[in-house]
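Report on the structure given below.
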């Protein structure tokens, strides 16, 4: 997958960091303002998808490897399960064992910020890796498929007979 | 007249027209773009209905769905054929089914006791107190006072989640929705994380290339 | 009373349009679009059930702002938070299922060179 034009690359260099920061903010302040782990994770995945679309596959393979995304996906899911299992320290499965604190502040609501972080990592990395798997899928025998902007779509292909 | 109701009806009309165009048009790219219109309309509807978390999530999810679908459609051209005769039969059956269930809506609105009735828009079940719901089923619903219990689980979560009861500790989350999702109903979220993980692993398994087979095909092409 | 039922009816019509697309269309992409419309309609109906009007103002979202002093007003007038909790997970699940279906569609196109299920049935690859 090729990258896009120079304007898109420069704007992405400026903007992608802000989108990622906004995603992390939405994850961490999920128990105080609207958002939470799911919305923040999907925003984070959106920032990573923007980088892959703008710079093309060869560049982003070095910066955002697919293997790291798959491992982060599994680690996020396991982190959420660990938070649930640690509830046994306070009496049962999924019991909120940290102190509730004062509402509307950052360090409140017990284990909810930790769960938000785990869910945000899981959803973000999982959706980004699913997008990579879908976007880098190529038909057998064709060369580099054309990017989104750069011209006419593929015609029927010339890869011989199907077995 | 409730201004939210008027805005919501106009938005639903726009979304219905968009969805009918998305389903019926012959060009695949136009169909996907109209799906984007329906999705963004849903996000605005969530904002009008007082659900800001859902609006944020719906917007970003809609953008990702659009990116994936446009990428799939724009590089694989396939003209859709004209509709066959079976489409007409199935379509008429669906329309009859829709009309039947709409009639059922109206019947439920008038019959049965108070708990089975479809409540008016804007007046949910938690407006009734639990005692009033069992004592006077067809009477006027009362606004829940701070001393009586609300008539549904959502109302009980609103009332007890932040500060807790003498029996259970409160969550302490100012965002009641995240408190329900991650603390009161955390087990359901664990199941949902499992479903997302399974769907993504399923997508990998479908798109995976078996090593030797790919190599064999590449050799045969030369 | 009929005007109060109209949002439910329109959201339900959206659901019927999505269901019609899944059942009656032959193109795989149209089936995916129909499933996505069905998901949006179901989420809308769930959130519509939990709506509570605030007379003369915008609806109160179930989020506490400005300290514990605002809590009694929120308990008395806020929108139901339970359907929103259900729909929040449902939105992300629908995205994952759409990704899985698109992966299936890509594989089908690779094998049969078409998105039309009738031609796939005739080819018997």
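Protein chains in written order, with the working numbering: chain A, 542 to 704; chain B, 714 to 935; chain C, 896 to 1020. Backbone N, C-alpha and C define an ideal beta-carbon position, used for all residues, glycine too.
Endpoints, the alpha helix (DSSP H) within which residue i is located
i: residue 607 of chain A; result: 607-627
i: residue 755 of chain B; result: 741-761
i: residue 876 of chain B; result: Unbroken run through residue 876 of chain B: none, as it is neither H nor E.
i: residue 656 of chain A; result: 653-676
i: residue 648 of chain A; result: Here residue 648 of chain A belongs to no alpha helix (DSSP H), and DSSP marks it neither H nor E.
i: residue 893 of chain B; result: Careful: residue 893 of chain B lies outside any alpha helix (DSSP H) and carries neither H nor E.
i: residue 900 of chain B; result: 899-920
i: residue 947 of chain C; result: Note, residue 947 of chain C: premise wrong, no alpha helix (DSSP H); not H, not E.
i: residue 604 of chain A; result: 598-604
Proximity below 7 Å, CB of residue i to CB of residue j
i: residue 635 of chain A; j: residue 883 of chain B; result: no
i: residue 549 of chain A; j: residue 595 of chain A; result: yes
i: residue 660 of chain A; j: residue 576 of chain A; result: no
i: residue 726 of chain B; j: residue 946 of chain C; result: no
i: residue 671 of chain A; j: residue 613 of chain A; result: no
i: residue 573 of chain A; j: residue 887 of chain B; result: yes
i: residue 804 of chain B; j: residue 919 of chain C; result: yes
i: residue 936 of chain B; j: residue 997 of chain C; result: An answer regarding residue 936 of chain B cannot be provided, because it is not within the stretch 714 to 935 covered by chain B.
i: residue 628 of chain A; j: residue 885 of chain B; result: no
i: residue 591 of chain A; j: residue 669 of chain A; result: no
i: residue 995 of chain C; j: residue 915 of chain B; result: yes
i: residue 906 of chain C; j: residue 939 of chain C; result: yes
i: residue 601 of chain A; j: residue 609 of chain A; result: no
i: residue 729 of chain B; j: residue 761 of chain B; result: no
i: residue 956 of chain C; j: residue 894 of chain B; result: no
i: residue 542 of chain A; j: residue 598 of chain A; result: yes
i: residue 621 of chain A; j: residue 906 of chain B; result: yes
i: residue 662 of chain A; j: residue 617 of chain A; result: yes
i: residue 1010 of chain C; j: residue 927 of chain C; result: no
i: residue 865 of chain B; j: residue 891 of chain B; result: no
i: residue 775 of chain B; j: residue 752 of chain B; result: yes
Residue i - DSSP class collapsed to helix/strand/coil
i: residue 963 of chain C; result: helix
i: residue 715 of chain B; result: coil
i: residue 637 of chain A; result: coil
i: residue 766 of chain B; result: helix
i: residue 872 of chain B; result: helix
i: residue 897 of chain C; result: helix
i: residue 789 of chain B; result: coil
i: residue 643 of chain A; result: coil
i: residue 835 of chain B; result: coil
i: residue 578 of chain A; result: helix
i: residue 570 of chain A; result: coil
i: residue 546 of chain A; result: coil
i: residue 993 of chain C; result: helix
i: residue 850 of chain B; result: Legend: pLDDT at residue 850 of chain B = 41, less than 50; position of this residue unreliable, value from coordinates given subsequently. Coil.
i: residue 883 of chain B; result: coil
i: residue 984 of chain C; result: helix
i: residue 632 of chain A; result: coil
Beta-ladder partner(s) of residue i, from DSSP
i: residue 955 of chain C; result: C/973
i: residue 551 of chain A; result: Beta-bridge pairing links residue 551 of chain A to no other residue.
i: residue 1011 of chain C; result: C/922
i: residue 888 of chain B; result: C/958
Residue i Cβ short of 6 Å to the ligand ZN heavy atom set
i: residue 953 of chain C; result: The model depicted lacks the ligand ZN and carries no ligand whatsoever.
Per-residue contacts from residue i into chain D (C-beta, under 7 Å)
i: residue 618 of chain A; result: Included in the structure are the protein chains A, B and C, with no chain D among them.
Task: Contact between the stretch 758-765 of chain B and the stretch 733-740 of chain B (3+ Cβ pairs under 8 Å) - done: no
Task: contact_flag[the stretch 647-659 of chain A, the stretch 552-572 of chain A] where n(CB pairs < 8 Å) is 3 or more - done: yes
Task: Segment contact flag, the stretch 629-644 of chain A with the stretch 575-586 of chain A, C-beta cutoff 8 Å, min 3 pairs - done: no
Open item on the list: Across the stretch 910-922 of chain B and the stretch 906-916 of chain C, are there enough close Cβ pairs to call them in contact, namely three or more that are closer than 8 Å?
Closed with: no
Task: the stretch 988-996 of chain C / the stretch 901-910 of chain C touching (three or more Cβ pairs under 8 Å) - done: no
Task: Three CB pairs or more closer than 8 Å across the stretch 975-982 of chain C and the stretch 918-934 of chain C - done: no
TODO: Indicate whether the contact test is met: 3 or more Cβ pairs, each with one atom in the stretch 780-788 of chain B and one in the stretch 996-1010 of chain C, closer than 8 Å.
DONE: yes
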